[in-house]
Amino acid sequence: MFLPRANRKIIPRWRDFWTTAALGQLTPASVNSPKSALPSASEIEAHEAWHIKPTLWHALDLVGAAFVIGDLADPDVISAAKFLEGRGEDCPSPARLLVSRILHGDEDKADFNEASHVSNADIKVDIHFKRRRLNEEPRNSILWTDVARLYTSLGQQEKALHAIQMSWNLAPDNRFVVRSVARFLVHIGDNERALRVLRATELNQSDPWVVAAEIGVSSFSNKDPRLLKLGRRMVDSPDFSEFAKSELASAIATFELNEGNRRSAKKLFKQSLALPTENSVAQAEWASGQVGDLHLPPDNRNVPRNYEARSLHGFRVGDWETALVNAEGWLYDQPFSSRPAGVVSYLYSTILERYQDAAGILRSSLVSNPGDRGLSNNLAFALINLGHLEEAESLLNRVDPRAADDLSTITLIATGGLLAYRKGFPEIGRNLYLDAIDLAKRKSNSHYSAMAALHLAIEEIRADTESKALSLKIADELALPVDEPDVQYVHRRLKAMAAAAKLVVE
Amino acid sequence: MSCPASKLRGLALSGGWTADKELTGLSDTGGNFSYTYQVTHEDGRKAFLKALDYSRALRAPDPPAALQALTAAYLFERNLLQTCKSRRMDRVVQSVDSGYVVVDQTDLGRVDYLILEIADSDVRSFLSASSKIQLAWVLRSLHHIATGIHQLHSADIAHQDVKPSNVLVFGKAVSKVADLGSASLKGASSPRDDRDFAGDPAYAPPELLYGYRDPDWNARRFGCDAYLLGSMIVFMFTGLNATSLLLSKMAPDHHPRKWTGTYREVLPYLQDAFGLALSSFAASIPAELVRSDLRDMVSFLCEPDISLRGHPRNRVGHTARFSLERFLSKLDLLARKAEYSFR
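For the protein sequence lines, the chains are A and B, in the order given.
So the first sequence is numbered by the numbering used here: it starts at 1 and just counts up by one.
So the second sequence is numbered by the numbering used here: it starts at 1001 and just counts up by one.
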């Protein structure tokens, strides 16, 4: 099974506009004061008029005016709002909504929801409404960006590309648009163009969020970041908030780590956690195994949508429930992304043996990531375990394991071995597994070599072959030194099978 | 503290006027402190008097500057009102008289004043007193407001403070725009030229709230008036001014009180919110007969991007970009439609 956990880089998350705004990621990066000096409610004409004539329309006027100047704590504004609430339907509907927000909502914070599953049918309905709005508002770059994200989730890349181009044409210097465009282009594998977008915008001279994306996407593409020097100045600058600098510090830290500068990386990772985004926390969680303890809080509950980091943490300590629940949250948050789908399917299949659930997730994710090698492998694995051998074979036939030199190559070869065993060809299966183990060893990947050996031994015991004891021995040898919880978990399962089969390893 | 401007009640003024009663005490109409009275003429006509309070200026931190500002604003408004009168702007509240009265024999005993037409109510009081608001009345009132602003524009005057308290209702049928205290005259310096907000910030168009000052006078001044006309349309149907409806659809962090970035940076978010605000506005219009036209009008008049504001057809040919003529015609037509349908 393919587990996407290598080569994590700070690539911008892509959420819908309202969620991104509610997370505070669309506020100006600078720590300056607001430009306009607005009066208090007691200074405006509507305030005095309400005192003299406390009528419905004077109350409406005052509440609207006070909302514009942002002074809703004034007792007379509150009394006008209560007056309007008491007038029920005499108060026009938009004003009623505003009154309700003033009296019963939290005006300082946008509504914020946890990520949840959205079906394809619901996505289509959402697209329908947004397209209708776009007929009226063809210059709405935000709406085009949101529509592009929805199309991406459905795997309709042509339509998504058109929508994202529209948004970029309309607002090439808006942070939300530029980061979303870059994320989309990385999703479809056009990293070069993503970099061109990030390097063309005016924001790359002033906005740490955009500079972070340029450094992150460059590192992801194995290119030299062009904004590294500027980024270093920005992370040291007191002109930007810690929150605005979080992903920038994390992106530079990751670059330093890649360059072997662990000390510098560790310092920057620590800075990225001063007031972090969840992306920075996930990056630190991922990096903590390489740079040493970053003193990450165990849960980071204060960081919204911190699913990936919590899932990684759960995985690292073998808390599968936590790992799964948060990996699902991560997938709901980034439904077009292959990484969370890979992790969820890995947990369902390898750990929990819930192959049907794994197949469901993977089928859906392959729609938005057509041809993804890791996801295809994982779906084939789940299908084989469900007994759908023909479908699995057809799927594997469409993916050439050696077409790319990545970790999926190892798992695709091993899954080919699994298929061969289940089809009754243990010799072919064994050879494929041994090829996979050999390739993993050559790549110094002890996790994959151990996993391939464990699955080989499981299949040997299932098939009751003559070489099962030898396979069990190899699996023990490769799995024992690996202290990763998933390897240990599958190793325990193998030992239980071996005991049931009355096999003893010397 | 008692001041001469507060002592006019019962005094006989020049031109046959007598101050009857003080209306709302000290008020800051456009930053020019004044007292207001109802006055009656010998022939029985009623009017509205605005008396300048020099004593307040003398208590300011910089009295000479305050006095200069007060008198400059007074003279500016008086001249504008004379222009309105000479051009017979029948949808702008007219001056009836002006002059001064000596209240006592101290150096500060002289009180200058303007006498203006007196209305029966402002639009808020009128709407509140109506048991059922007729669509035809609302549309006719909006047509009158648009006419008033258009009349001012034709004399190169930008009002810049059109809001519910400055829309006055005469009898039951006539609405007029009032208070030129924040106005600007094209080609001349105006007392409020150097301020961030010429009019009331609580109704200001978004570009001003987010600190953008368009270098083009027409865009800055007439563009503001176009927005405020659209805002009055929104107010009549939703009870909220256009800016409050717009901001209610935005993330709280993007509110002008919190925003530290530029107008250009916030513009895409304003445009997204504007789409939602327009839908909300359209849903508040009870009659399908006029819904689509009113929605279009507000979308043109209140467009947050000032470079796109105004009627789209004004962008071609020789028509002034912020000309309100097309809106006048449309409001007139809609008002007629509504008047016929309710007969």
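Beta carbons are placed, not taken as given, at the ideal position from N, Cα and C, and that holds for glycine.
Bridge partners - Thr1040 of chain B, DSSP secondary structure assignment: In the DSSP secondary-structure assignment, Thr1040 of chain B is bridged to B:Thr1018, B:Lys1046.
Within-7 Å CB hit, Leu1026 of chain B to chain A: Confidence is the limiting factor: at Leu1026 of chain B the pLDDT is only 44, short of 50, which leaves the residue's position unreliable, though a coordinate-based value still follows. Not an interface residue.
Under 9 Å from the C-beta of Thr55 of chain A: neighbouring residues of chain B: Residues of chain B with a Cβ closer than 9 Å to the Cβ of Thr55 of chain A are, in chain order, Arg1124, Ser1125, Leu1127, Ser1128, Ala1129.
Pairwise C-alpha distance: Val1138 of chain B and Val1298 of chain B: Cα to Cα, Val1298 of chain B sits roughly 15 Å from Val1138 of chain B.
Contact list for Thr1238 of chain B against chain A, beta-carbon separation under 8 Å: The answer, in chain order, is Pro92, Ser93, Pro94, Ala95.
Neighbourhood of Ala274 of chain A by C-beta, 6 Å cutoff - its chain only, sequence neighbours within 5 removed: Here the set comprises Glu242.
Rounded distance between the beta-carbons of Gly1239 of chain B and Leu60 of chain A, thought under 8 Å: In this structure, Leu60 of chain A and Gly1239 of chain B form a Cβ contact; the two beta carbons are roughly 4 Å apart against a cut-off of 8 Å.
CB contact below 7 Å: Pro1206 of chain B versus chain A: No, no contact with chain A.
Classification of Ile52 of chain A by the beta-carbon crowding that lies within 10 angstroms, buried from 16 upward: Per the 10 Å Cβ criterion, exposed.
Buried or exposed (CB count within 10 angstroms, at least 16 for buried), Thr1262 of chain B: With fewer than 16 neighbouring CB atoms inside 10 Å of its own CB, Thr1262 of chain B falls in the exposed class.
Cα-Cα separation, Phe315 of chain A to Pro208 of chain A: Approximately 31 Å between the Cα atoms of the pair.
At least 3 beta-carbon pairs within less than 8 Å: the region 1054-1062 of chain B vs the region 1187-1199 of chain B: The region 1054-1062 of chain B is not in contact with the region 1187-1199 of chain B.
Residue-level contact to chain B via CB, Asn431 of chain A, 7 Å cutoff: No, because no Cβ of chain B sits closer than 7 Å to the Cβ of Asn431 of chain A.
Chain-order list of residues whose beta-carbon lies under 8 Å from that of Lys82 of chain A (same chain, five-residue window excluded): Counting only Cβ-Cβ distances below 8 Å, and skipping sequence neighbours, we find Leu103.
7 Å CB neighbourhood of Ala249 of chain A in its chain, flanking five on each side removed: When the five nearest sequence neighbours on each side are left out, the beta carbons in the same chain lying within less than 7 Å of the beta carbon of Ala249 of chain A are those of Val235, Leu268, Gln271, Ser272, in order along the chain.
Inter-residue Cα distance where the pair is Val217 of chain A and Ser153 of chain A: Each residue's Cα considered, the two are about 21 Å apart.
Where the region 1133-1152 of chain B meets chain A: residues whose CB sits under 8 Å from a CB there: Residues passing the 8 Å Cβ filter: none.
Contacting positions in the region 1302-1327 of chain B - beta carbon closer than 9 Å to chain A: Within the region 1302-1327 of chain B, the residues whose Cβ lies closer than 9 Å to some Cβ of chain A are Asp1305, Leu1308, listed in chain order.
C-alpha gap between Asn174 of chain A and Ser1189 of chain B, whole angstroms: So the alpha carbons of these two residues sit roughly 36 Å apart.
Residue burial classification, Tyr346 of chain A (beta-carbon count within 10 angstroms, cutoff 16): The residue in question, Tyr346 of chain A, is buried, as its Cβ has 16 or more Cβ neighbours within 10 Å.
Beta carbon proximity, Leu1245 of chain B to chain A, threshold 7 Å: Residue contact check for Leu1245 of chain B against chain A: a CB pair falls below 7 Å.
Burial state of Asp1161 of chain B (16 or more Cβ within 10 Å): With 16 or more other Cβ atoms within 10 Å, it is buried.
C-beta neighbour in chain B for Thr409 of chain A, strict 7 Å: No, Thr409 of chain A does not count as interfacial toward chain B.
Own chain residues within Cβ distance below 6 Å of Gly1030 of chain B, not counting five before or after: Model confidence at Gly1030 of chain B stands at a pLDDT of 42, short of 50, so the residue's coordinates are unreliable; what they give is reported in the following sentence. Result list for Gly1030 of chain B: Gly1181, Ser1182, in chain order.
Three-way DSSP call (helix, strand, coil) for Lys1176 of chain B in this model: Here DSSP, grouped into helix, strand and coil, assigns Lys1176 of chain B to strand.
Beta-carbon proximity list for Glu256 of chain A, same chain, < 7 Å, skipping 5 on both sides: Ser264, Ala265, Leu268.
Contacts that Tyr1340 of chain B makes with chain A (C-beta to C-beta distance below 9 Å): Those do not exist, as Tyr1340 of chain B stays about 25 Å from chain A at its closest Cβ, beyond 9 Å.
Of the residues A:Ala37, A:Gly88, A:Glu89, A:Arg101, the one placed nearest Gly64 of chain A, counting alpha carbons only: When the alpha-carbon of Gly64 of chain A is set against those of A:Ala37, A:Gly88, A:Glu89, A:Arg101, the nearest one is in A:Arg101.
CA nearest to the CA of Glu45 of chain A, picked from B:Val1167, B:Ser1279, B:Ala1242, B:Ala1202: Closest by alpha carbon: B:Ala1202.
Proximity below 7 Å, CB of Phe2 of chain A to CB of Asn378 of chain A: If you check the CB distance, Phe2 of chain A and Asn378 of chain A come in under 7 Å.
Residues that Gln1271 of chain B contacts on chain A, provided the C-beta gap is smaller than 8 Å: Annotation: Cβ neighbours of Gln1271 of chain B in chain A (cutoff 8 Å, chain order): Glu137, Arg139, Asn140, Ser141, Ile142.
DSSP-derived helix/strand/coil call for Gly1031 of chain B: Note that Gly1031 of chain B scores a pLDDT of 44, beneath 50, so its modelled location is shaky; the value from the coordinates is reported in the next line. In the three-state reduction of the DSSP assignment, Gly1031 of chain B falls in the coil class.
Neighbouring residues, chain B, relative to Gly70 of chain A (Cβ below 8 Å): Chain order gives the chain B residues near Gly70 of chain A as His1255, Pro1256, Arg1257, Lys1258, where near means a beta carbon separation below 8 Å.
Ala358 of chain A, DSSP secondary structure in three states: Here DSSP, grouped into helix, strand and coil, assigns Ala358 of chain A to helix.
Closest residue to Trp18 of chain A among A:Phe176, A:Ser337, A:Ile69, A:Arg5 (Cα-Cα distance): Here the closest residue by C-alpha is A:Phe176.
Which of helix, strand or coil DSSP assigns to Glu1117 of chain B: Looking at Glu1117 of chain B - three-state DSSP - the assignment turns out to be strand.
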